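Note that full-length UniProt numbering has the sequence shown beginning at 1, numbered continuously upward.
Below is one structure; the comments refer to it alone.
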Amino acid sequence: MDIRALVNNCNIRASPTAVRFYQLQQQRQARDAIQRGPVLRGLRHSTPLTRDEKIEIRTLRKHAKWDYSTIAQATGKTFHQVQDALTGPLTPRKNRCGRKPVVKTPEKDALVQFLNSDPMNRKLPWADLRYYIPASSSMANVQL
Numbered sequence: 001m002d003i004r005a006l007v008n009n010c011n012i013r014a015s016p017t018a019v020r021f022y023q024l025q026q027q028r029q030a031r032d033a034i035q036r037g038p039v040l041r042g043l044r045h046s047t048p049l050t051r052d053e054k055i056e057i058r059t060l061r062k063h064a065k066w067d068y069s070t071i072a073q074a075t076g077k078t079f080h081q082v083q084d085a086l087t088g089p090l091t092p093r094k095n096r097c098g099r100k101p102v103v104k105t106p107e108k109d110a111l112v113q114f115l116n117s118d119p120m121n122r123k124l125p126w127a128d129l130r131y132y133i134p135a136s137s138s139m140a141n142v143q144l
């Protein structure tokens with residue numbers, strides 16, 4: 001009964017436990033609204049932060065000594081965006097996956113030109129090919 005009276009904003013005296021419960025519930029809702037940030041309709045993810053926005057967030061944290069939720073509320077970004085801006089790099093790292101090419105482009109062009117110049121060149125064994133190609137000085141230790 002006490003909680004319903006508080007929710008309906010009635011002036012009925014409520015127990016201290018019910019008052020504290022209601023206050024905690026309001027604080028939790030306010031904190032969740034800040035952490036979630038603005039509601040983006042039609043988008044699944046928030047827009048990524050630019051380098052300048054990350055610098056602004058870092059400046060607010062370092063010089064103004066604001067906490068994450070205050071920065072999120074002031075800038076209109078989500079709590080996790082602020083967290084990532086403060087802990088991650090300013091610019092994203094390049095994804096370096098995959099094997100590096102064994103033969104560079106000028107060497108590939110020389111190899112293709114050599115193989116297409118004469119039909120007999122196409123019948124040479126791959127192991128001996130580096131001895132016949134004129135521009136293969138850098139391919140001496142490379143296995144084709």
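Built from N, CA and C at the ideal position, the CB exists for glycine as well.
Model, not experiment: these values are computed from the prediction.
If you draw a straight line from the Cα of residue 69 to the Cα of residue 104, it is about 51 Å long. Burial check for residue 82: the Cβ neighbour count within 10 Å reaches 16 or more, so the residue is buried.
If only complete runs of 4 or more residues are kept, the region 29-108 shows the alpha helix (DSSP H) at 51-62, 68-75 and 79-87, in order along the chain. Per DSSP, the unbroken alpha helix (DSSP H) holding residue 129 starts and ends at 129-132. Between residue 86 and residue 61, the CB-CB gap stays under 9 Å. With the rule of 3 Cβ pairs closer than 8 Å, the region 46-54 counts as touching the region 72-82. Sequence-distant Cβ neighbours of residue 115 in its own chain, meaning closer than 7 Å and more than five residues away, are 121 and 122. Assignment of residue 125 by DSSP, reduced to helix, strand and coil, places it in the coil class. Taken through DSSP and simplified to helix, strand or coil, residue 15 comes out as coil.
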